[in-house]
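**Q**
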Amino acid sequence: MIKNKKKNESRSGRRRPVVSVALLALGLAFTGGVYAALTASTASAEVDLSSPQVIDQGSKLFAANCATCHGQQAQGTANGPSLIGVGAAAVDFQVGTGRMPMQANSAQAPVKPVQFTDEQVKALAAYVASLAAGPAIPTESQLTDGNVANGGELFRINCAMCHNVAGAGGALTEGKYAPELKNVSAVHIYEAMLTGPQNMPVFNDLNLTPADKKDIIAYLEYNRANPSPGGLELSSLGPVSEGLFIWIIGLGVIVGFTIWITAKSN
Amino acid sequence: MSITAKASNYLDERTSISGAVKEFGRKIFPDHWSFLLGEVALYSFIIILLSGTFLTFFFQASMTPVEYEGSFVPLKGVEMSAAMSSTLDISFDIRGGLLMRQVHHWAALLFVAAIGLHMLRVFFTGAFRKPRELNWSIGFVLFVLAMAEGFTGYSLPDDLLSGNGLRIIDGMIVGVPVVGTWISFLLFGGEFPGNDIVGRLYTLHILLLPLIVIAFIGLHLMFVIIHKHTQYPGPGRTEENVVGYPVLPVYAAKAGGFFFIVFGVVALMAATVTINPIWNYGPYDPSPVSAGTQPDWYIGFADGALRLMPPHLETYWFGYTWSWNILIPILVLVLFLAAVFVYPFFEAWVTGDKREHHILDRPRNAPVRTAIGAAGVTFYAVLWAGASSDIIATHFKVTMEGVINTLQILLILGPIFAFIIAKRVALALQKKDQAIVLHGFETGRIVRLPGGQFVEVHEQLSEYERWQLVSFTDNAPIMVRPNDRGRITAGIRWRSRWSRFFFEDRVAPVTQTEYKQALEHAHH
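Which chain is which? The protein sequence lines are A and B, in order. Here the first sequence is numbered in the numbering used here, starting from 11 and rising by one per residue. Here the second sequence is numbered in the numbering used here, starting from 1241 and rising by one per residue.
1. So, does the CB of residue 80 of chain A fall closer than 8 Å to a CB anywhere in chain B?
2. Return yes when the Cβ of residue 1522 of chain B is within less than 8 Å of the Cβ of residue 166 of chain A, no when it is not.
3. Does the CB of residue 1346 of chain B have a neighbour CB from chain A at under 8 Å?
4. Under a three-way DSSP split, which group does residue 1438 of chain B fall into?
5. Measuring only the C-alpha atoms, how far is residue 1745 of chain B from residue 1641 of chain B?
6. With residue 1473 of chain B and residue 1712 of chain B assumed to form a contact (beta carbons below 8 Å), what rounded beta-carbon distance in angstroms separates them?
7. According to the Cβ coordinates, are residue 1363 of chain B and residue 1590 of chain B closer than 8 Å?
8. Let me see if you follow: with CB-CB separation under 8 Å, is residue 1509 of chain B close to chain A or not?
9. Which residues in the same chain as residue 1697 of chain B place their Cβ atom closer than 6 Å to its Cβ, once the five residues preceding and following it in sequence are excluded?
10. Run through the DSSP bridge pairs and tell me what residue 1269 of chain B is partnered with.
11. Pop quiz: residue 178 of chain A and residue 247 of chain A are said to be a contact at Cβ under 8 Å. What is the actual Cβ separation, rounded to whole angstroms?
12. Output, in chain order, the set of chain A residues within a Cβ distance shorter than 8 Å of residue 1498 of chain B.
13. Please compile the residues from chain B whose C-beta is within a distance smaller than 8 Å of the C-beta of residue 242 of chain A.
14. Measuring only the C-alpha atoms, how far is residue 1418 of chain B from residue 1269 of chain B?
15. Just checking: is the beta-carbon of residue 219 of chain A within a distance shorter than 8 Å of some beta-carbon in chain B?
16. Cutting at 7 Å between CB atoms, please list the residues of its own chain near residue 267 of chain A, excluding the five before and the five after it.
17. State the start and end residues of the unbroken alpha helix (DSSP H) segment that holds residue 1340 of chain B.
18. So residue 1422 of chain B packs on residue 269 of chain A, CB below 8 Å; how close in whole Å?
19. In its own chain, which residues sit with a C-beta less than 6 Å from the C-beta of residue 1536 of chain B, not counting the 5 before and 5 after it?
20. Using a Cβ cut-off of 7 Å, which residues of the region 224-241 of chain A contact any Cβ in chain B, in chain order?
21. Does residue 1467 of chain B get closer than 8 Å to chain A when you measure Cβ to Cβ?
22. For residue 1620 of chain B, decide whether its Cβ has a neighbour in chain A, counting only Cβ atoms nearer than 8 Å.
23. Which same chain residues end up closer than 6 Å to residue 276 of chain A when comparing Cβ atoms and leaving out the 5 residues on each side of it in sequence?
24. State buried or exposed for residue 196 of chain A, treating a residue as buried only when at least 16 other CB atoms are found within 10 Å of its CB.
25. Assuming residue 97 of chain A and residue 148 of chain A make a contact with CB atoms under 8 Å, what is their CB distance in whole Å?
26. Quick one: give me the first and last residue of the beta strand (DSSP E) that residue 163 of chain A is part of.
27. Using 10 angstroms around the beta-carbon of residue 1721 of chain B, count the other beta-carbons present and answer buried if the total reaches 16, otherwise exposed.
28. How about the region 210-221 of chain A and the region 126-135 of chain A: do they share at least three Cβ pairs that are nearer than 8 Å?
29. Going by other Cβ atoms of all chains shown within 10 Å of its Cβ, with 16 needed for buried, is residue 224 of chain A buried or exposed?
30. Using a C-beta cutoff of 8 Å, does residue 2 of chain A count as contacting chain B?
31. Taking buried to mean at least 16 other C-beta atoms within 10 Å of its own C-beta, is residue 1356 of chain B buried or exposed?
32. Given this structure, state the Cα-to-Cα distance separating residue 139 of chain A from residue 173 of chain A, to the nearest angstrom.
33. Is the Cβ of residue 109 of chain A closer than 8 Å to any Cβ of chain B?
34. What residue from B:1414, B:1313 and B:1271 has the CA that sits closest to residue 239 of chain A's CA?
35. How do the region 1432-1442 of chain B and the region 1290-1304 of chain B stand: do at least 3 beta-carbon pairs fall below 8 Å, yes or no?
36. Can you list, in chain order, the residues of its chain with a C-beta nearer than 8 Å to that of residue 1681 of chain B? Leave out the 5 residues immediately preceding and following it.
Shown next, in the form of structure tokens:
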């Protein structure tokens, strides 16, 4: 009897070690993949943006995907602004975060799944950069080793009014919004400051020096790597989510207990 | 004699406490979940006292600038006030400090929420009627004090969020014509933010306000004991008795256990969910303001009132600027709170009812009161939502202007609709009760009569159930009658008008004769 039970257990109740290992491998592969996807644009900035082949490839991609709105020579149309002089950084940000090519006409071009490979994004950037000088894509050394404390202070002074102190995002007028900054890669943060996408102001190198930008990135990355020491963050929305939590969960659970305590024993 | 017996004997011979214990121990408390909400508030307050005492051991109520040298990396070397720095030390460098901070803050949110829910229970069941009007007033004062305690408390760490909150308060004070600027300078010891406000709020927060709260809690509970507890209508329950458990041993054991449950829930929240992460907000500095800056929930309705006020309402009179966009919200808030405060006295005047009431109303049996309550709740809720207009906009992907305009309209129309709907629903429920008393309830059993007709069998209620549905106070509108001096004053007219407003539409309880007739009718 007992033996039987054991056999059954090993057959159906518990996973075989092989299965566990396979699941673990699958999980690792999955998280690794997501991680790679998120950091892809940082990892391979190796494409040579000044090579004629790359620019040529970019030109073709541009004609096929962007020209309807931005014009054949990127000179701008009624549907989209001129891209002359916006630089490689603007293209890398707009296309690399999936904002461009824009699809629906909304208050603000939303983030969508990225439609191009990293190489294609770089080619588009190379093409636009070849039209006129503009902000370049930052190099790896411009993104690392910032001072977290200084970055925090700069972030609170320059960015928090739109993006919220914890980078949780915030509302602007007429349906525009400053997005959450939890999952933005370092390059894109840098490019956002440099080019001021859509309703965000430009923070040029006089406003925020390259060292300041590095510090801000360090601060945002610190926050991402270190979840709140206090426990669940409730989306970092502050007193609103705390208030909802106390009314729905806190008081809800306690009212549940009051009902249980006063329930008739019969 | 055992040692405990000896000890209690010793005590009793010196204090004759056993009489009081016996007396109190025999008090009866009725059992209903909604009667425990006030207790939740009381227990949260005890938790706040305990955790707050711990915090005072380490907190420095000083705005002297210091350089933060604690262990939280993103603020290392940043200049801040000693208050902020010591709060960060409590959070990161004192064992159990963060847990205690979170216990204190969660318990504070729970404290005000429990008071709010308790007040709603008291309101909708008419527990504030004679002889308990004064206790309603005391409870109301406690509610306001709790908000004041909360506000002074979350302003202490001197972080960016609380500084923004103080800035708004300063703006409201300065908005008062003539004296505003003077009061602001007095309060902040000079121009905002000054160097004094944290120290002053601290004195209020840990000395004056808690003392008043404790005094009022004492009064509140004394009145509960003097008046005895109210009870819901039911068989065997009259205005002269209380049906329930004696304090000793059953009720005391349950209540004592319940304290630990509340403490446990708060501790669990504090251990797992962040509250007021001041390390994100950073030290106060008058220039930055974060997106999504909100006060704690219980101040939200005031913030909402400011946000929903249309802009550009200012006049320049007698050499002063009158900022109506600030004065009107202040006035609205004061009037709203005043209405909450006076309601029991107002209703007593309208009904002219001088009897004592120890049996609670079911909300449906006082349709207009219930409707007024629903309107008040709606008004408050819209103001409250107004405080989170920006978060509503980003999370539901709508425009902020759209949210504000919708809420502005809702603030006016919402309470009216809530009133009408709640009153209709209450009357309909009363009618349903009436029908059930007279004709019994539907059993779902269909019977075919010999003539081929189908009827559903109705079954009569038991006597106990019927009693519950027919025993309620029935108020009829008061007619205009001359007073003892034969005159009809304006007061009498007003009263009759209000009385009509309250009791014009009503469903009277089923009488004995009506019931008998209905029974006979059913037999034919």
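Note that beta-carbon positions come from the ideal geometry of N, C-alpha and C, so glycine has one too.
**A** According to the structure data:
1. Within the first sequence, numbered from 1, the residue matching residue 80 of chain A stands at position 70. No, no contact with chain B.
2. Here the question's residue 166 of chain A lines up with position 156 in the first sequence. Here the question's residue 1522 of chain B lines up with position 282 in the second sequence. Yes; because the gap between Cβ atoms is below 8 Å, this pair is in contact.
3. Numbered from 1 along the second sequence, position 106 holds the residue referred to as residue 1346 of chain B. Yes - at least one Cβ of chain A is within 8 Å of the one on residue 1346 of chain B.
4. Here residue 1438 of chain B refers to the residue found at position 198 when the second sequence is read from its first residue. Of the three classes helix, strand and coil, the one that applies to residue 1438 of chain B here is helix, per DSSP.
5. Against the second sequence, residue 1745 of chain B aligns to sequence position 505. Against the second sequence, residue 1641 of chain B aligns to sequence position 401. Inter-residue distance for residue 1745 of chain B and residue 1641 of chain B is about 40 Å (C-alpha atoms, whole angstroms).
6. Position 233 of the second sequence holds residue 1473 of chain B. Position 472 of the second sequence holds residue 1712 of chain B. Right, their Cβ atoms sit about 7 Å apart.
7. Position 123 of the second sequence, counting from 1, holds the residue named residue 1363 of chain B. Position 350 of the second sequence, counting from 1, holds the residue named residue 1590 of chain B. The answer is no: Cβ separation not under 8 Å.
8. On the second sequence, residue 1509 of chain B is found 269 positions in, with the first residue counted as 1. It does: the Cβ of residue 1509 of chain B has a partner Cβ on chain A nearer than 8 Å.
9. As a working note, residue 1697 of chain B is residue 457 in the second sequence. Contacts found: 1683, 1685 and 1687.
10. By one-based count along the second sequence, residue 1269 of chain B stands at place 29. DSSP output for residue 1269 of chain B lists B:1485 as bridge partner(s).
11. Working through the first sequence from its first residue, we reach residue 178 of chain A at position 168. Working through the first sequence from its first residue, we reach residue 247 of chain A at position 237. Yes, they are in contact, since the Cβ atoms of residue 178 of chain A and residue 247 of chain A sit about 6 Å apart, within 8 Å.
12. Here the question's residue 1498 of chain B lines up with position 258 in the second sequence. 267, 268 and 271, listed in chain order.
13. The residue you call residue 242 of chain A lines up with position 232 of the first sequence. The contacting residues are 1512, 1513 and 1514.
14. Taking the second sequence and counting its residues from 1, the one referred to as residue 1418 of chain B is at position 178. Taking the second sequence and counting its residues from 1, the one referred to as residue 1269 of chain B is at position 29. Each residue's alpha carbon lies about 53 Å from the other.
15. On the first sequence, residue 219 of chain A is found 209 positions in, with the first residue counted as 1. No, its Cβ sits nowhere closer than 8 Å to a Cβ of chain B.
16. Position 257 of the first sequence holds residue 267 of chain A. No residues qualify anywhere along the chain.
17. Translated into the one-based positions of the second sequence, residue 1340 of chain B becomes position 100. Residues 1337-1364.
18. The residue labelled residue 1422 of chain B in the question sits at position 182 within the second sequence. The residue labelled residue 269 of chain A in the question sits at position 259 within the first sequence. Going by Cβ atoms, the distance from residue 1422 of chain B to residue 269 of chain A rounds to 52 Å, so no, they are not a contact pair.
19. As a position in the second sequence, residue 1536 of chain B is number 296, starting the count at 1. Within the same chain, residue 1536 of chain B has close Cβ partners 1390 and 1394.
20. 229, 232, 238, 239, 240 and 241
21. Position 227 of the second sequence, counting from 1, holds the residue named residue 1467 of chain B. So no, residue 1467 of chain B is outside the interface.
22. The residue labelled residue 1620 of chain B in the question sits at position 380 within the second sequence. No, no contact with chain A.
23. Position 266 of the first sequence holds residue 276 of chain A. Reliability fails at residue 276 of chain A, whose pLDDT of 47 lies under 50, so the model's placement of it is uncertain and no value is given.
24. Position 186 of the first sequence, counted from the first residue, corresponds to residue 196 of chain A. By the 10 Å Cβ count, residue 196 of chain A comes out buried.
25. In the first sequence, residue 97 of chain A corresponds to position 87, counting from 1. In the first sequence, residue 148 of chain A corresponds to position 138, counting from 1. Contact doesn't hold; Cβ gap of about 11 Å is too wide.
26. Numbered from its first residue, the first sequence carries residue 163 of chain A at position 153. Per DSSP, residue 163 of chain A belongs to no beta strand (DSSP E); it is in the alpha helix (DSSP H), 158-168.
27. In the second sequence, residue 1721 of chain B corresponds to position 481, counting from 1. Here residue 1721 of chain B is exposed. Its C-beta has fewer than 16 other C-beta atoms within 10 Å.
28. no
29. To locate residue 224 of chain A, count along the first sequence from 1; it is residue 214. So residue 224 of chain A counts as buried.
30. Here chain A comprises residues numbered 11 to 276, so residue 2 of chain A is not present and cannot be evaluated.
31. Against the second sequence, residue 1356 of chain B aligns to sequence position 116. Residue 1356 of chain B should be labelled buried.
32. Within the first sequence, residue 139 of chain A is the residue found at index 129, counting from 1. Within the first sequence, residue 173 of chain A is the residue found at index 163, counting from 1. Near 29 Å, if we compare the C-alpha coordinates of residue 173 of chain A and residue 139 of chain A.
33. The residue given as residue 109 of chain A occupies position 99 in the first sequence. So no, residue 109 of chain A is outside the interface.
34. The residue you call residue 239 of chain A lines up with position 229 of the first sequence. Comparing Cα-Cα distances from residue 239 of chain A to each of B:1414, B:1313 and B:1271, the minimum goes to B:1313.
35. Judged by Cβ distances under 8 Å, the region 1432-1442 of chain B makes contact with the region 1290-1304 of chain B, as three or more pairs qualify.
36. For the purposes of this step, residue 1681 of chain B is taken as the residue at position 441 of the second sequence. Around residue 1681 of chain B: 1698, 1699 and 1701.
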